[in-house]
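As given, the protein sequences belong to chains B and X, one line each in that order. Heads up: the first sequence is residues 1 to 327, going by our numbering. Heads up: the second sequence is residues 328 to 654, going by our numbering.
Number of protein chains: 2
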Amino acid sequence: MYTESTENQKIPRWDDVKQAADRIKGYIHKTPIMTSQTLNRENESQLFFKCENFQKTGAFKYRGAVNSVLSLSKQHIKKGVATHSSGNHGAALASAALCRQTHAYIVMPENAAAVKITAAQNYGAQVIFCAPTLKARQDGLERIVQKTGAYFVHPYNNPAIIAGQGTAAMEMIKEINYLDYIVTPVGGGGLLSGTAIAAKHLRPDIKLIGAEPRLADDAFRSFHTGKLENACRPTTIADGLRTSLGSLTFSAINKYVDNIMLVSETEIIKAMRMIWERLKILIEPSSAVPVAAVIFNSIRFKGLNIGIILSGGNVQLDRLPWTQSAP
Amino acid sequence: MYTESTENQKIPRWDDVKQAADRIKGYIHKTPIMTSQTLNRENESQLFFKCENFQKTGAFKYRGAVNSVLSLSKQHIKKGVATHSSGNHGAALASAALCRQTHAYIVMPENAAAVKITAAQNYGAQVIFCAPTLKARQDGLERIVQKTGAYFVHPYNNPAIIAGQGTAAMEMIKEINYLDYIVTPVGGGGLLSGTAIAAKHLRPDIKLIGAEPRLADDAFRSFHTGKLENACRPTTIADGLRTSLGSLTFSAINKYVDNIMLVSETEIIKAMRMIWERLKILIEPSSAVPVAAVIFNSIRFKGLNIGIILSGGNVQLDRLPWTQSAP
Chain B
1 MYTESTENQK IPRWDDVKQA ADRIKGYIHK TPIMTSQTLN RENESQLFFK
51 CENFQKTGAF KYRGAVNSVL SLSKQHIKKG VATHSSGNHG AALASAALCR
101 QTHAYIVMPE NAAAVKITAA QNYGAQVIFC APTLKARQDG LERIVQKTGA
151 YFVHPYNNPA IIAGQGTAAM EMIKEINYLD YIVTPVGGGG LLSGTAIAAK
201 HLRPDIKLIG AEPRLADDAF RSFHTGKLEN ACRPTTIADG LRTSLGSLTF
251 SAINKYVDNI MLVSETEIIK AMRMIWERLK ILIEPSSAVP VAAVIFNSIR
301 FKGLNIGIIL SGGNVQLDRL PWTQSAP
Chain X
328 MYTESTENQK IPRWDDVKQA ADRIKGYIHK TPIMTSQTLN RENESQLFFK
378 CENFQKTGAF KYRGAVNSVL SLSKQHIKKG VATHSSGNHG AALASAALCR
428 QTHAYIVMPE NAAAVKITAA QNYGAQVIFC APTLKARQDG LERIVQKTGA
478 YFVHPYNNPA IIAGQGTAAM EMIKEINYLD YIVTPVGGGG LLSGTAIAAK
528 HLRPDIKLIG AEPRLADDAF RSFHTGKLEN ACRPTTIADG LRTSLGSLTF
578 SAINKYVDNI MLVSETEIIK AMRMIWERLK ILIEPSSAVP VAAVIFNSIR
628 FKGLNIGIIL SGGNVQLDRL PWTQSAP
């Protein structure tokens, strides 16, 4: 079944997040929360890093993908699932499909990171390449859905996906019950929407912030103009955040999110390296975006308790942003 | 007080490890144990990674350093502590000195990794450079001890250091009580000795293996010839393992260790990258040595439960072994 339309879909509610958590419990990792005394001292605040880079398939995307796949009827899933993705959602859906013994078809732009293409293939997915435009992706997907009868699972503009992504914040708030802020990256908006829905139910006083690369500022513009704006060929290093909001995620963000903050490419790279050096963990550039928003605006967060969702850890290790060349 | 002599020193016993654990409890991180279903499937064994890369100062060395510093009398410590170190022990002692509000002097070879020099300095240590030979290190240290009156804390040939390092294995065995093997890197032998002492007391049937780079195979040779052999200008990428065993660590290893396994430089680099990609954590080349020993000899470990101590995570991020050039 192919449709990009979300006319009949509604923003998920807290109950959906809670049900998602129960549904996916046996499938996902309950990821750890890391802290660094040095970072806290330098920023004069308490930072709590929810490590979704340790999630299965290396990104939070697995939560939503598993929730979607487990929510589908036998009838819907029997011919497989399909999606378009530049990376982590593709691998996540491929792996999630295995939970239902079904097949995944992933349409990926030719310029997707090699590490992410290989990941989807390693989980047994069939990867179909397309030109790196939104239209080419949608056309490619439509063709594959018509040909195979696979069920389309949108990477973010899908209630089951959004509800699944909200379970990371739910875990974090249950573990650290005195957060003042939660900051997440925002690309398509699935993580930010799910996080906001969960957080505002569990702790209505928590402030929710989306962090976005200045070079892919569609969420920032949409948030301030009040209408859905598109990302114009974004070139940010944060490859997971080059997508634009969808109708559902835009509604959820408008309703629940307190602010969108922008960061520069230099700030993203510095924040990424700082996390690698201090926490000794690999995060991908998209994960560094909320870190950058906090550490380069530390005065605003002084003395407060900040939860940051590190969205993923799938990095092209031959090509790090702070080294000048690669083989 | 300067002495490289260990004539009056004895191998620590289990009680010393236990007392060390109580002494350092409030100072160290109880590090997590990580696992990977994919790695387990690929190796047909259960691998448990004790993440000392998450230890304070980024390496297990902090355990021994804190135990030593806390064990010293007021009289001994009042003029500071001193050591020679190419890296992690220097930073660890520098940081440990702060627990007793005293000063650290670290003699380092000129070719030590920049990241390790900076680390020691960031903890307030005075770093004194010397030529990259054992003699130059010892001479440099003797001069600084005579000049300052600082107390010499040997990087590994010291009972309090060995006992402190043994606390990592103690934690691991308490958490996973069915290990068949523990594999650690071996350089000077402090970690392997301490691990062996703790493990053989707690679970006499556990097999203890030291993993060593073929390019710095002094422990392997000493183990097999039964006399203390020196490393001859070792050039291995595992910079933490270029040192030779000491008299104490040699005795402990002879007494408690079951085998020493050698790995090649290529195997070290492959194992390091594999851990980065699969576990999404940073480990330094020395940590990859026991990983390489296990995954490149997987038939020997088939079906067994293997504890691997990942010794540290201090990596020169501008210069990764799998990229061809650096800025």
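Virtual Cβ for every residue (Gly too), placed ideally from N, Cα, C. Just so it is clear, the structure is predicted and the values come from calculations on it, not from any experiment.
For residue i, which three-state DSSP category applies?
{"i": "Asn43 of chain B", "result": "helix"}
{"i": "Phe129 of chain B", "result": "strand"}
{"i": "Leu589 of chain X", "result": "strand"}
{"i": "Gly164 of chain B", "result": "helix"}
{"i": "Thr236 of chain B", "result": "coil"}
{"i": "Ser325 of chain B", "result": "Unreliable positioning characterises Ser325 of chain B in this predicted model, as indicated by a pLDDT of 45, which lies under 50. The coordinate reading is nonetheless provided below. Residue state, collapsed to three classes: coil."}
{"i": "Lys50 of chain B", "result": "strand"}
{"i": "Ile11 of chain B", "result": "coil"}
{"i": "Ile595 of chain X", "result": "helix"}
{"i": "Arg319 of chain B", "result": "coil"}
{"i": "Leu215 of chain B", "result": "helix"}
{"i": "Lys25 of chain B", "result": "coil"}
{"i": "Gly226 of chain B", "result": "coil"}
{"i": "Pro482 of chain X", "result": "coil"}
{"i": "Arg548 of chain X", "result": "helix"}
{"i": "Arg203 of chain B", "result": "coil"}
{"i": "Ala579 of chain X", "result": "helix"}
{"i": "Thr365 of chain X", "result": "helix"}
{"i": "Ser247 of chain B", "result": "helix"}
If you drop the 5 nearest sequence neighbours on each side, which residues of the same chain put their C-beta closer than 7 Å to that of residue i?
{"i": "Ala421 of chain X", "result": "Ala431, Ile433, Ala447, Tyr450, Gly451 and Ala452"}
{"i": "Lys56 of chain B", "result": "Ile28, His29, Tyr62 and Ser95"}
{"i": "Arg600 of chain X", "result": "Trp649"}
{"i": "Val700 of chain X", "result": "The requested residue 700 of chain X is not part of the displayed model; chain X covers only 328 to 654."}
{"i": "Asp258 of chain B", "result": "Lys207, Leu208 and Ile209"}
{"i": "Val263 of chain B", "result": "Ala211, Pro213, Arg214, Val289, Ala292, Ala293 and Phe296"}
{"i": "Leu228 of chain B", "result": "Ser222, Leu245, Ser247 and Phe250"}
{"i": "Ile444 of chain X", "result": "Met435 and Val454"}
{"i": "Ala440 of chain X", "result": "Gly414, Asp566 and Gln643"}
Take the Cβ of residue i as the centre, count every other Cβ of all protein chains shown within 10 Å, and call the residue buried at 16 or more, exposed below.
{"i": "Ala653 of chain X", "result": "The pLDDT assigned to Ala653 of chain X is 38, lower than 50, so where the model puts this residue is not dependable; a value taken from the coordinates is nonetheless given after this. With fewer than 16 other Cβ atoms within 10 Å, it is exposed."}
{"i": "Gln531 of chain X", "result": "Before going on, a small fix: residue 531 of chain X reads as Pro here, not Gln. It counts as exposed."}
{"i": "Tyr178 of chain B", "result": "exposed"}
{"i": "Ile602 of chain X", "result": "buried"}
{"i": "Thr563 of chain X", "result": "buried"}
{"i": "Gly187 of chain B", "result": "buried"}
{"i": "Ile626 of chain X", "result": "exposed"}
{"i": "Thr225 of chain B", "result": "exposed"}
{"i": "Thr460 of chain X", "result": "exposed"}
{"i": "Lys582 of chain X", "result": "exposed"}
{"i": "Cys232 of chain B", "result": "exposed"}
{"i": "Arg41 of chain B", "result": "exposed"}
Can you list, in chain order, the residues of its chain whose CB lies under 8 Å from that of residue i, leaving out five sequence neighbours each side?
{"i": "Leu304 of chain B", "result": "Ser45, Gln46, Asp180 and Tyr181"}
{"i": "Leu468 of chain X", "result": "Tyr329, Ala409, Thr410, His411, Val434 and Phe479"}
{"i": "Arg137 of chain B", "result": "His84, Val107, Pro109 and Cys130"}
{"i": "Ala99 of chain B", "result": "This sequence places Cys at residue 99 of chain B; Ala is not what is there. Answer for Cys99 of chain B: Tyr27, Val66, Val69 and Leu70, listed in chain order."}
To which residues of the same chain is residue i closer than 6 Å at the C-beta, ignoring the five residues directly before and after it?
{"i": "Ser286 of chain B", "result": "Pro185, Ala238, Gly240, Leu241 and Ser311"}
{"i": "Leu202 of chain B", "result": "Ile173"}
{"i": "Pro429 of chain X", "result": "This sequence places Thr at residue 429 of chain X; Pro is not what is there. Result list for Thr429 of chain X: Ile404 and Gly407, in chain order."}
{"i": "Arg13 of chain B", "result": "none"}
{"i": "Ala392 of chain X", "result": "Ala419, Leu420 and Ala423"}
{"i": "Ile176 of chain B", "result": "Phe48"}
{"i": "Phe223 of chain B", "result": "Ile260"}
{"i": "Ala477 of chain X", "result": "Lys406, Gly407, Val408, Ala409 and Tyr432"}
{"i": "Gly385 of chain X", "result": "Gly639, Gly640 and Asn641"}
{"i": "Thr266 of chain B", "result": "none"}
{"i": "Ala347 of chain X", "result": "Asn394, Ala490, Gly491 and Thr494"}
From the DSSP secondary-structure annotation, give me the bridge partner or partners of residue i.
{"i": "Gly210 of chain B", "result": "B:Thr184 and B:Ile260"}
{"i": "Ala386 of chain X", "result": "X:Gly639"}
{"i": "Ile360 of chain X", "result": "X:Lys377"}
{"i": "Ile608 of chain X", "result": "B:Ile281"}
Practice task
Mind listing, in chain order, the continuous beta strand (DSSP E) runs of no fewer than 3 residues lying wholly within the segment 163-201 of chain B?
Solution key: Correct list: 181-185.
Problem - Sequence ranges, beta strand (DSSP E) only - wholly within the segment 286-314 of chain B, length at least 3 - result: For the segment 286-314 of chain B, the continuous beta strand (DSSP E) assignments of 3+ residues that do not extend past its boundaries occur at 305-310, in sequence order.
Handout entry: Complete runs of the beta strand (DSSP E) confined to the segment 435-479 of chain X [at least 3 residues]
Key = The DSSP assignment places complete beta strand (DSSP E) segments of no fewer than 3 residues inside the segment 435-479 of chain X at 453-457, in order along the chain.
Problem - Entirely enclosed alpha helix (DSSP H) segments - the segment 393-432 of chain X, minimum 4 residues - result: 401-404 and 415-426, all fully within the segment 393-432 of chain X.
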